[in-house]
Structures are given as structure tokens and as C-alpha cells.
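Residue numbers (my numbering): 2 to 1132. Note that the Cβ used here is the ideal one computed from N, Cα and C, for glycine as well. Taking it in order: structure first as C-alpha cells, then the write-up.
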């Protein structure tokens, strides 16, 4: 059209024809009509008017349309960092660390630092959209008529450098749905280009007008959505260019924040660049079947009576032993049932590759193992999840999202498990929040069909297809699925067999969850490859009898055991009186959470106790693993070629800056870590920087461990963006060259490579908290809190540490469950000591420390606290703590700079509607109070003492204060006249007995109550300055009494007012051990003072006279006082 350069002389169309064309365009844009039907109906409408149109090429009418969204590339999903959090606090116990914490707290006593005291608790001118040129989707259709010049020219879009970027986005598919559908039906359509006669700003939009036919005429109103949009587009191009609206409101928040400058003396990495650490070759060894399923078939047919798995009940009794023959036959029956007996409309319900949920309790490993191998034989993908106990389980909604994204519509379970699931009113399994609709299949023997003798599964488990999906919960609480291929599964089994030296008919005691992580890899997969006998110890049995796993090792003469440091710690607490156990049969005690730096304390303590019962030191084998990379490293016994174990004593200060500095154990702030062994066979490992491009770390630098191996996970199911970031990392040297020809998988483990090529782990990415420029690990903070004598106040295993973002920085939050018998005072003292210990050991402040009632924190499936759910409740304000200690002043050090007051809207500001954009308003003020002092009566009573006198005469019986006890009943009251008379008696006693003068400071050492209020007003009556001090705690005089004495001394109090009980406490023998009795000023008790009146109430000469002093002790022991004048405290 444009290349002909001839004028368009279009004949006017009747109104009804134009309306029909508009409706036709709308039907096409909404998908109610196909492109072919649209063209047919349109040609029929315009048949009689076609001879009247001059210069229109019909082939261009359908081609010159705006490209739709289908031609735009989808933005890559936002990368997410997701790491698992499943830690228990028992493993953080360390005698050495406890001694260090106690020594740090003792320093506060030596410095006589005070203990903290606790207090009770429009009309706008234009449309405002995302872009300054408004989005035409909000335009009305009767906005005006489209007037076009007599001659239209078209110019290639590429030639217009002046065309704004937003216009490119509009033309690429954000304008109209009708244009999008037209273009998508004509993928070959392109704007017709020709030399331009005049390169006007409207030329780009003119090209978009090529799709308009001659039914648009000068002076004819346009009723279709397309025309009104283009009209707004043309009108916008005529306006002067403005920046996007968001630029009007660019917050200078980052500029206002105080930027923490790096310490010039902070440690920096000085070593050379690391290299790739290569594991030993994965040898073939004894010839084995080519796949895991072939191995199962071999053992099931040649060794059918060989024991495979023994399940225990909650009393420790063996309830069932699954043989390899039974495992093979039951798995075949389940595979046959899934493929042939489940139909929908005479079609198989399941197809190869479909995902199936496995819902089995931790106490039923037998049926889980049958279901897992049955799915593999049926070429289905099992997705093991936890049993939902209630409809509000922690993290249940995120698990439902995972099932929905995986397309799961069938769940396998047992009859007993299904009966325990929450039920709806119809008797069916209830629909859990966020879960997709599920069909539940019970796989007990009576519900399965026996396959014909000539039926054989077609499963081929040697390729890159997905074998199973393992769920993991990220730091933010989202649940993702890690896909493991058949090839990775087989490689993992072979690598574990070689690294652990597994052999046929060995017995393995498994205490871990058999549905995921190391419990699945060792106890369900690798055990079948080697025809091992697994004794599975359920979590409920461990809670009832922590020694049960040791007893089973002794009873079955197990050669290997799979535990966590938590289980070892529990065993130490319950081992007294057990003399008949022996661990001499063990050749490997695999500690699955060896990546936790604090597992070394449990390992050392366990060895010290059980070495006399046959446990050899070289048997303890910590390992490191992650859901993404599976097993990363494991320590080997010497007979398997492993080097001697090593320990490293590292400076916590250096670790907080990401560098490795060896220290001595005599220091308080050190972290002792043990190695987690050598790299897995066939794997390549490197250490990369945490942020930005994955550059290789230096030898003395802490980074993220990355693994390149055939035995790792392959992807996050359905999440291509974060899959590329985690599973396809390309580490590079400082010069930018890739270090390997294959991608690496990020493990989320933070560590370094030590001597003898041993791997050391110092934390996890999920537990990393970055405050300023320093890094802190949540496990380290938990260990420090547990070292402050927690047994009397909180539960050891019920402590959570996480971070929240405040002012663009991580702030540490510590939440613990308080014991029911712990008093509020005791708990507060413990909280104060924890804050001081963390400040001394880690040199970081705690934003919030909260204690909640027992059994109120969300639980993880196998014990412990659900960290992400706890954090979510904290942010939502639904944690409901019973004691809270907020300390923002100690940790929020980057507060915004003071703003400068702007006298008026200056030239740098711009009015957008009724909003002023530009300089930020620098002040806010409340309403004026001057009108309250207009009356003579208000001028007469300017100060608190005057007001109380006036109230005592005008409303003497009005109750001012009620004192309630713990049961909520009233114990004492104070009316206006009662408070006035008691204040007079106190004032008289101060002047007569204390012989004080105006301006002297008086320490009020009272518990909260009416006595404190009366003493306060008594000081005001006689002109003294009250200083309120919290009384010392009778059970903790050694800590709290020095704080009282320090406030009395710093405030220069000439007298101490208190009760008889506190007076006796101050003069007791226990108090004398902490503070010399002779150093106290005059002590007056106000319990039995005589009834006397004073001649006149002191009236300050000016409002600036000091009214009272308010002292407080920070959580780090800093004493600070605030002066309040009479004018500042008046009403």
C-alpha cells in the first residue's frame, strides 16, 4: 500500500457495516472465530464496496498487522536460590563452645557490665499508567475520530532511531489482542517496507495502520477497539517525550541509607587460585547387571529368600522381613495393576512418564519400597512426599503446588495410612489446601491383580529419562522437585558401592528417612544393587528408645549404620545402664549430616563413650550431600584407602569475611570443623564464589562447592530458569576461561578443599545471613544460644534462627519454645545472656529474640522446627510469642541520613496530577496543641504535680490505677485523693528523714505497682528528681544487684526509696557478697511512713527544670540515661 504512494480515497461505509466489521474484529481478537472465517465474512460484508476503494492491495489487508505476543520470546523465569533446611538443634552441642560462651559471658561480669532491665510489655490531568504514553487498553471507544492525511507513507521500523523503546514493545504485541490473533494466524506476515518520503515520528505507527481497510474515512467516527488504540498511539507521538512514570518516583532510599564502609583491616584471601579436584575413577569391579531393575530381577529370581528389608514397630520388635523374592513379585503385581487395571473411558489411566505420588509413613518402609520399584517397573515417575496429618500442616500448600506442577493425579498409599488421613463429610480423603484433585490407590496385597505368567514389564531404566522426583524446601519456603534420571540413579549406586565398600549380604542399620536423601540412596537403592539386608529404625522408636539403633546393630551384627548426629546425641543421653551393647561389628558409621559444622561435637562425644564398647575411631565416616548433587563426599576407612581424618580450628571472624584463618582452641570465637572425606568416585569438584559469575575461589577462601558428575540430579522439574543457574553452572578462572568441558551442579554447601584433598564444610547457603559485609551461619548462632544453659528455660531441639530483611540488610531473628515452668523473669535473663553471648562470639546484634509457648512452633515431618513456616508466621505477626526482646538499635546500623527540609516545591520537582515528585518531604508534624492552653484553668495546671492536686479536689474518688495479679483479680487501687495523700507522705519523709533538698536525685527501687507511682509523685511534690530502678531478682542477686548499684551510682542518687522486702534483700548476706552494704546511700522504706502533710507542693520556676531520669541497660550491657523536663512530661 505504502510503496505505491497514491492517495487513499475511501468511500464512506454505512454505520451498520462499520458496526458489523467492528464486531467481526472483536470476535477474531477473542478467538471466537478462525482467521479463515473472519476473512470470508469480511469479504462478504465489503463485496459491494470493493470497487469504491482505490489503491488497496487485498493481500496486504491481512498481512500488515501488528505482531502478537506469540512472536515475542518469553522472559526467563527469575532465578531463585533454594536450599534445603532440615536441621535439628541437638547436634549443635559442643562442650568446647559452651566453655567459650561461658567465658565470654564471664567477661561481662569482670567488666561489671549491667544486665538489661525488661519493660512490660483526586483530580488528575492525564491518564497515569506504566509508561508515560498511556496503555491504550484502557481507552474508550468513543474518544474521537481518526483523521488521516491524504497520503500515507511507510518506513521500516529499524530506520527510526527516534522511535521510543516503549513503542517497539507496543508494536511487538502489547497493544491489541485482535492484532495478536491476526498475526499468529499469519506467521509469515511482515510490515511492507519502502523508502520513506518523510521520516516522521508517526511513521512507525503508520505501518501498524496498514491493517486498516478503507472503511476508515476522514470524519467518520471509529467504533472498533483497534482504531481507538491507534488513535491514542498517534496522539501520544505528538506529545513531548517524558520519562516513564516510575522515574518520577525513584526512591532515593539507597542513597539515604548509611553505607557501611569496609574495614581496611578485614582479612582478605591471599592464596592462589584453586583447581578442579578430581575423584578416583569409577571402576567397573565385579560384572553387574546393566540397570537397577535388572539387578532386582536377578536377586528376586536367584536369591528369593534372601532378606532385603526388616521393619520394626514402636517397641523395637521386627514385625516383617521383606525378601528379595517378595519385593520382585509384589513390585510386578503393582506395575501390572497400574498399567492394566486402572482405566478411564476404556483407556489406560496412566502412561509411561506420568508422575505418581507416594504417601507412606516413616514406619512403613516395606510398602514404600514395593511402591517405588513398582513405579519404576511400570515406567512411572514416583514422587515421594510426607503424609499430611492435618489440613494445615506446615508447608503442605507448597507440597500441593509441587504435585500440581508435576501433573500428579494419583497417590499410592496403604490401607492403614489412608484411614488416618483427614476425611471430608462424604468419607473421602479431604482436599488439602493447594493440592490438585487426587485419586487414592491402596496397594495392599488384596487390592493388586496378579499378572499373567507371560507378562513382563517393558521398563528400560538405563537412559536419561526421569527415574524419580525428590522434593526439597527452599529457604523462602517454596517446594521444588529435583529430578533424578535413571542414569544418575545407577551411577550414584555404583559410586556409593565403591566408596563405602558395600558387599553382598551385608547388614545396614538405617535410622534416616527412607523416602529421601541418604536414607533413600543407601537404604532403598544401593542396598538392592548389592543384595544387602537393611534394618529400618522408625523415628517413633527413636523417640521412645534412643538406644534402639545401637541395640539393632549389636543384634544383627550390622556392618554399616546410617545415622545423623542427632541420633548419636540422643544415644549418649540414654546410654547409662546399658552394658551389654557392642559396636565391634561396625566397619562404617555414616554420619549423614556431617556437613553440619557442629556434628563434630556429637561424633567426638559418641566416640569417647562407646570406644570402650568396641567402636573404633576410623569407623566414624561423616559425609556431605545435597538434593541437587546427591552425595558430594564421604570419609573412607583406612582399609578403603582413605587418609587419616583431620580437624580445622578456624576463626569465626575470618569466616564471617569468607576467608580461612587457622586459630587456636583457646580463643572464644573459633569454629572447629571436621572433614567430610574425599570426593565421590567419578566426580569433579571445585569451589566458586557465592555472588555473581562463578569464579574459582582462592585456596584460603570459602565458597560454594560445585560438582560435575554423572551421579547428580538433572533439573528442578518444570523450572527451566533456576535449573540453568543451579544444574548448568560454568565455573571460570579469573581470566574468564571455563575450567571444564562439562557443566557443574551447585550443591548449596559452603566450604573449602583442605589438606590431602579432603573436603571441609562450614555451612549451608540456606543458613547464610549477610549483615553488612559479613556472613553468619544460622547453625553457628543456634550453637551459641544452646551453650547459654538452655535446659532450664527452653527446649534444646526447639530453636530456630533465620533472617529478615530490614533496610536492605539481613537481620537475625531467634525463636525458641519456652518451658512451661520457666518464669518470665528467668526467661528474660536467659534471653539477655544469649544476646550478650552472640554479640561477644559473633560480633553481631540480634534483631529479635522471641520465646513462644511450648509446642506452638510448626513442626517438620520428622521432628525439629519448620524454619520457613516459622519465618512466615513471624512476618505475618501470627507467632504469638509470650516473651519478646527487640534490639533494633544494636543491629540496624545503616539508618537513613536525616533529610533536609525543603522550603517549597522547587524547580527540581514536578507536579504529576496532585502528587509532587522530586525532592522528598523532609518533615512531618502533628496538630498544634496551643489551643489547649487558651483557658485560665489550663495555665494554672502546667505540671503533673499540679494536675494531681487539682484532680484530688475536683474528682477525689475517681480510680486512677488498678493493680492486677496473675489471675486477673484486683489487689490494690488508687483513687485521685489516695494517690495525692500517699505522695504527700512520701514527700514529707524525704524532707524530714532523708533531709533532701530540691534537685536531689532519689532512686526508686520498686516492683511495678501503686507504691512506685506514689513514690514518683512524692518526689515531684518535694522537688526531688526520681530515678526508677528495677529491683534485683532474689534468685539472681549476683547478676542483677550490681546493675541496681551501677544505676544508683551513675545517677548520683542521694537516697534510695523502696519497700521493706527489698530493703531486707539489699542488706542480706547474699547481697553483701555482690555489693558492700556500706556503699549504699540512705535507704528509706515507704511501707510504714507516718501520715503527714507538706506545707506546699514544689512548683518549678520554669518548664526546663528536670522532672525525672530514665535509665536503661542495652542488651550488650551499655547503660544509658534520658533526662525528662517538667515541660516535657506535662499533659
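- DSSP, read as helix, strand or coil, puts residue 804 in strand.
- With respect to residue 789, residue 835 sits close: the two C-beta atoms are nearer than 8 Å.
- Secondary-structure assignment with DSSP links residue 486 through a beta bridge to 467.
- With a beta-carbon spacing of about 7 Å, residue 1003 and residue 1055 fall inside the 8 Å limit used to define contacts.
- Within a 10 Å sphere around the beta-carbon of residue 1036 sit fewer than 16 other beta-carbons, which makes this residue exposed.
- Secondary structure of residue 546 (DSSP, three-state): coil.
- Rounded to whole angstroms, residue 584 and residue 552 show a C-alpha spacing of 9 Å.
- DSSP places residue 375 within a helical segment (H, G or I) once states are collapsed to three.
- Within a 10 Å sphere around the beta-carbon of residue 679 sit 16 or more other beta-carbons, which makes this residue buried.
- Between the region 555-565 and the region 585-593 there are three or more inter-stretch CB-CB distances shorter than 8 Å, so the stretches are counted as touching.
- Per DSSP, reduced to three states, the secondary structure at residue 718 is coil, with no helix or strand assignment.
- Under the three-state reduction of DSSP, residue 944 is assigned to coil, being neither helix nor strand.
- When 637, 613 and 628 are compared, the shortest CA-CA separation from residue 621 is found for 637.
- Judged by pairs of C-beta atoms under 8 Å, the region 499-515 does not touch the region 607-621, as fewer than three such pairs exist.
- Counting the other Cβ atoms within 10 Å of the Cβ of residue 456 gives fewer than 16, which makes it exposed.
- In this model, residue 354 and residue 670 are separated by some 52 Å (Cα to Cα).
- Distance from residue 706 to residue 688 at the Cβ level is roughly 6 Å; contact confirmed, criterion being Cβ atoms closer than 8 Å.
- Judged by DSSP in its simplified three-state form, residue 424 adopts strand.
- Residue environment analysis places residue 580 among the exposed positions, since fewer than 16 neighbouring C-beta atoms fall within 10 angstroms of its C-beta.
- Cβ atoms of residue 743 and residue 730 stay farther apart than 8 Å, at about 11 Å.
- Between the alpha carbons of residue 996 and residue 973 lies a gap of roughly 30 Å.
- Residue environment analysis places residue 1105 among the exposed positions, since fewer than 16 neighbouring C-beta atoms fall within 10 angstroms of its C-beta.
- Residue pairing for residue 441: DSSP places it in a beta bridge opposite 412.
- Below 8 Å, too few C-beta pairs join the region 527-538 and the region 656-664 to call them touching: fewer than three.
- One thing to note: residue 628 has its Cβ within 8 Å of the Cβ of residue 471.
- DSSP places residue 675 in the uninterrupted beta strand (DSSP E) bounded by 671-675.
- Using a Cβ distance threshold of 8 Å, residue 675 and residue 648 count as a contacting pair.
- Here residue 650 has 664, 666, 671 and 673 as same chain residues with Cβ atoms under 6 Å from its own Cβ, once five neighbours each way along the sequence are excluded.
- The residues 527, in chain order, have a CB closer than 6 Å to that of residue 497 in the same chain once the five nearest residues on each side in sequence are set aside.
- If the five residues before and after residue 889 are omitted, its C-beta is found closer than 7 Å to the C-beta atoms of 848, all from its own chain and listed in chain order.
- Excluding its 5 nearest sequence neighbours in each direction, residue 606 has C-beta neighbours in its own chain below 7 Å: 573, listed in chain order.
- Residue 1022 has its alpha-carbon roughly 15 Å from the corresponding atom of residue 952.
- Taking C-alpha positions only, residue 582 is separated from residue 709 by approximately 42 Å.
- Going by DSSP, residue 992 is part of the alpha helix (DSSP H) stretching over 977-993.
- Between the C-alpha atoms of residue 24 and residue 41 there is a straight-line separation of about 14 Å.
- Of all alpha-carbon atoms in 654, 403 and 1018, the one lying nearest the alpha-carbon of residue 384 is that of 403.
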